[in-house]
Amino acid sequence: MILAQTKKLILKLSKTPNTILGIATGRNYTNLDVIKEILPHFKYLVLTNGALVLEDNKIIEENTIPIPFLEETLKEIKLLIQNNNEITASFIGAKKTAFFCEHPKKMEQNIKNIMEYWHSEIDTPIDNQFYLKEKVFMLNIFGSDKEKLKPFLNQKKYFKTYFWQNHADFTLKDITKDYSVQKIKEKYPDHELICIGDGCNDLEMLKNADIGIVMGNCKFPEILKKINLKTPHIEEDKMYEFFQKNGLC
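The working numbering runs 126 ahead of the 1-based position in the sequence shown.
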């Protein structure tokens, strides 16, 4: 659900001269359904952590993960599973997603719960051949013990990795939200770039914006420490008031 003040802010900014709106997210295009009510107001969509970029609903940049990189990673995941690690992966395409899972019946309950949750939120079937049929922009790695998986995840020299609570995002190395947002900014040298975010995949973007804003619901200490301008918690529904108070709308 889009809160009233957030909706009011987007509508106000969309009518403000020389203001261009964009979204930068880890989601793919299909998973933007949650904001479909306000989606038409955004000129730019920076999706899957910057790997896929749309301008006026037309793709202007694609940074897909090569099949050899995916196959090497899947081999390593299989070895981890054989060594009793609870781990699985999902492929993120432009509109579709799919889990990689060779033995779903043998899977530990923690991973089953994760898969069931994601499938209920996003239509994500098991399809181990997905990457041979669809372009893959991002890979999600899920594990019940993040610390145990970090050495494996950190050694991936050709991936950019973000660690969340129970999974990690993989895009091609150097491909981030910030990378794609800065490329868009080059088209508008006289504009001021204002970025707002709350996720671990937002830090570079917020640091490099002319004005970086962290949301009050952010759970990542590093971001809270490095970004000074902070909104109230999103559930307080004060986004419009915050922008007005700080002279941003």
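Where is the CB? At the ideal position from N, CA and C, for every residue including glycine.
Here the structure is a predicted model, which means the values were calculated and not measured.
Original post:
With LEU264 and ASP295 assumed to form a contact (beta carbons below 8 Å), what rounded beta-carbon distance in angstroms separates them?
Top reply: For the sequence presented, residue 264 should be read as Met rather than Leu. ASP295 and MET264 do touch by the CB rule: their CB atoms are close to 6 Å apart, below 8 Å.
**OP:** Count the C-beta pairs between the region 150-160 and the region 171-189 that are closer than 8 Å, then say yes if the count reaches three, no if not.
**Re:** yes
Original post:
Closest by CA to THR250, which one among ALA215, THR142, PHE346, GLY269?
Top reply: ALA215
Subject >> Under 9 Å between C-beta atoms of GLY338 and MET331 >> reply: yes
Subject >> Nonlocal neighbours in the same chain, by C-beta distance under 6 Å from LEU180, ignoring five residues either side >> reply: LEU171
Original post:
So, are the CB atoms of PHE168 and LEU147 less than 9 Å apart?
Top reply: yes
Subject >> For MET341, the three-state DSSP class (helix, strand or coil) >> reply: Coil, per DSSP.
**OP:** Tell me, to the nearest whole angstrom, how far the beta carbon of ILE108 is from that of ASN157; I am working on the premise that it is less than 8 Å.
**Re:** Absent from the structure is residue 108, since the part of the chain shown begins at 127 and ends at 375.
Subject >> Residues near LYS321 in its chain [Cβ-Cβ closer than 6 Å; skip 5 each side] >> reply: The question names Lys, yet the displayed sequence has Cys at residue 321. Cβ neighbours of CYS321 beyond the five flanking positions: MET331, LEU332, ALA335, GLY338.
Original post:
Taking Cβ to Cβ, would you say ASP324 is nearer than 9 Å to LYS345?
Top reply: yes
Subject >> Where GLU154 sits in the DSSP three-state scheme >> reply: According to the sequence displayed, residue 154 carries Asn and not Glu. ASN154 falls in the coil class under three-state DSSP.
Original post:
Roughly how many angstroms separate the alpha carbons of ILE128 and SER306, rounded to a whole number?
Top reply: 25 Å
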